[in-house]
Amino acid sequence: MKLSKQDLQALRATASDAARVAGDYIAQARPEQIDWKPGITSRASQIVTEVDRRAEELIVSRLSPAMASFDIGLLTEEREDDSSRHDKDHFWCIDPLDGTLPFVNGESGYAVSIALVSKSGEPLVGAIYIPARGRLYGAARGLGVIADDTPWTRPQPSSDDLLVCVDGSFEGREQLIAGLDGRGYGRARVRTFGGAVVHACHVLEHPPACYLKLPKPEAGGGSIWDFAASASLFTEAGAIAADIHGQPLDLNRADSTFMNHRGVIYATDGDLARALRDWSAALL
5 MKLSKQDLQA
15 LRATASDAAR
25 VAGDYIAQAR
35 PEQIDWKPGI
45 TSRASQIVTE
55 VDRRAEELIV
65 SRLSPAMASF
75 DIGLLTEERE
85 DDSSRHDKDH
95 FWCIDPLDGT
105 LPFVNGESGY
115 AVSIALVSKS
125 GEPLVGAIYI
135 PARGRLYGAA
145 RGLGVIADDT
155 PWTRPQPSSD
165 DLLVCVDGSF
175 EGREQLIAGL
185 DGRGYGRARV
195 RTFGGAVVHA
205 CHVLEHPPAC
215 YLKLPKPEAG
225 GGSIWDFAAS
235 ASLFTEAGAI
245 AADIHGQPLD
255 LNRADSTFMN
265 HRGVIYATDG
275 DLARALRDWS
285 AALL
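First residue of the sequence shown: 5, per the working numbering; consecutive thereafter.
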């Protein structure tokens with residue numbers, strides 16, 4: 005089914021509403037309000053899974069009418085992949101709670117992420133809600149980005165200082181900073197706080213900035229639902245969302261939902277994306 009701009013606009017509104025409803029629910033389920041004890045991993049995992057599932061139920065219930073009207077498939081973090089993403093022309097891609105560790109720790113680095121992705125792997129719609137900031141982003145192919153229901157464009161850099169976002173488990177931070185030295189940027193600082201979705205939004209809001217995940221042989225490296233919505237935002241904002249080779253992100257991988265095979269680069273400009281590719285190529 006071919007989707008018109010009016011269809012995409014309506015689907016963006018639907019996804020944005022679902023993201024906000026789920027995010028408001030998650031914000032009410034803060035750790036201080038539930039039976040959670042720090043350091044007991046299994047208990048923490050149980051609580052978060054419960055919150056994830058309830059948030060996912062809220063999202064799917066709001067997306068279901070559009071799924072029926074537009075014959076849309078479904079891929080979510082908390083349900084088994086039913087392969088509808090390969091059968092339908094489009095599928096909803098949902099991460100009801102990205103940033104589990106910050107959430108469990110009572111911190112702010114978590115978000116709700118919903119995307120509409122084509123069978124070919126193109127991000128067509130993205131909705132991201134960051135409850136701690138009350139910030140709602142939306143994007144749709146050819147319609148730009150909105151933030152809190154207002155048209156949004158990327159801010160201009162306030163300085164040449166560089167923000168580098170990586171996961172807390174990322175090794176080689178000093179080598180990465182050294183590899184970006186001499187590329188025309190000022191002082192570089194590394195940010196590790198938050199999940200992939202919050203990292204991506206922080207990059208867009210604070211240019212020049214980037215977020216890097218290197219490829220690795222074992223399964224992992226984030227999943228489709230960690231990047232689909234933010235890839236939509238980056239595309240519509242004119243920023244870079246690509247794999248480690250400069251190709252579009254593989255957002256409907258045939259044999260897995262993981263993104264470890266080709267890595268992820270988010271960057272606010274092409275020169276920075278090239279610098280990251282060069283550094284990664286030399287490393288790998």
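The C-beta atom is built at its ideal place from N, Cα and C for all residues, glycine as well. Treat the numbers as computed from the prediction; the structure is a model and nothing was measured.
Query	Result
Could you check if Met370 is buried or exposed, using at least 16 other CB atoms within 10 Å of its CB as the buried criterion?	A query on residue 370 cannot be resolved here, the shown segment of the chain reaching from 5 to 288 and no further.
In three-state DSSP terms, what is Thr196?	coil
Contact check, Gly113 vs Gly199 under 8 Å by CB: the rounded distance?	6 Å
Got a sec, what are the start and stop residues for the beta strand (DSSP E) Ala245 sits in?	244 to 246
Since Leu12 contacts Val129 with CB under 8 Å, what's their CB separation in whole angstroms?	6 Å
Report all residues from its chain with a CB closer than 6 Å to the CB of Pro42; omit the five preceding and five following residues, and keep chain order.	Unreliable placement is indicated for Pro42, whose pLDDT of 46 sits below 50; the coordinate value is still reported in the next sentence. Excluding residues within five positions, none has a Cβ falling inside 6 Å.
In the structure shown, what three-state DSSP assignment does Ile76 receive?	coil
Just the Cα atoms here: how many angstroms apart are Ile244 and Glu82?	28 Å
Under three-state DSSP, which class holds Asp93?	coil
Under the three-state reduction of DSSP, which class applies to Leu101: helix, strand or coil?	strand
So what's Ser122 in DSSP terms, helix, strand or just coil?	strand
Can you say whether His203 is buried or exposed, counting buried as having 16 or more other CB atoms within 10 angstroms of its CB?	buried
Between which two residues does the alpha helix (DSSP H) holding Arg257 run?	From DSSP, Arg257 is part of no alpha helix (DSSP H); its letter is neither H nor E.
Find the nearest neighbour of Pro135 within the set Ala26, Asp273, Ala246, Ile248, judged by alpha-carbon distance.	Ala26
Can you check which of these residues, Ala119, Ala72, Asp86, is closest to Ile228 by C-alpha distance?	Ala119
From this set, Leu105, Thr18, Ala277, Thr261, which residue's C-alpha is nearest Leu62's C-alpha?	Thr18
Nearest-angstrom Cα distance between Ala48 and Gln10?	Since pLDDT at Ala48 reaches only 35, below the 50 mark, its modelled position is unreliable, and the value read off the structure follows with that caveat. When rounded, the distance between both Cα atoms is 42 Å.
Looking only at C-alpha atoms, which of Glu209, Phe238, Ile98, Asp273 sits nearest to Ala143?	Phe238
Less than 8 Å between the C-beta atoms of Ala279 and Leu147, yes or no?	no
Please work out which residues of its chain come closer than 8 Å, Cβ to Cβ, to Cys214, disregarding the five sequence neighbours upstream and downstream, and give them in chain order.	Leu166, Leu167, Val168, Cys169, Val207, Ile269, Tyr270, Ala271, Thr272, Leu276, Ala277, Leu280
Just the Cα atoms here: how many angstroms apart are Leu79 and Trp283?	33 Å
Taking the alpha-carbon positions, what's the Asp259 to Phe231 distance?	17 Å
If Ile132 sits next to Ala23, beta carbons under 8 Å apart, how far is it from one beta carbon to the other, in whole angstroms?	7 Å
Using a Cβ-Cβ cutoff of less than 6 Å, which residues in the same chain neighbour Asp177 once the five nearest sequence positions on both sides are dropped?	At residue 177 the sequence reads Arg, which differs from the Asp that was named. Val194.
Would you kindly report the start and end of the unbroken beta strand (DSSP E) that includes Lys217?	213 to 217
List the residues that DSSP assigns as beta-bridge partners of Gly148.	Ala144
Taking all protein chains shown into account, decide if Leu7 is buried (16 or more other Cβ within 10 angstroms of its Cβ) or exposed.	buried
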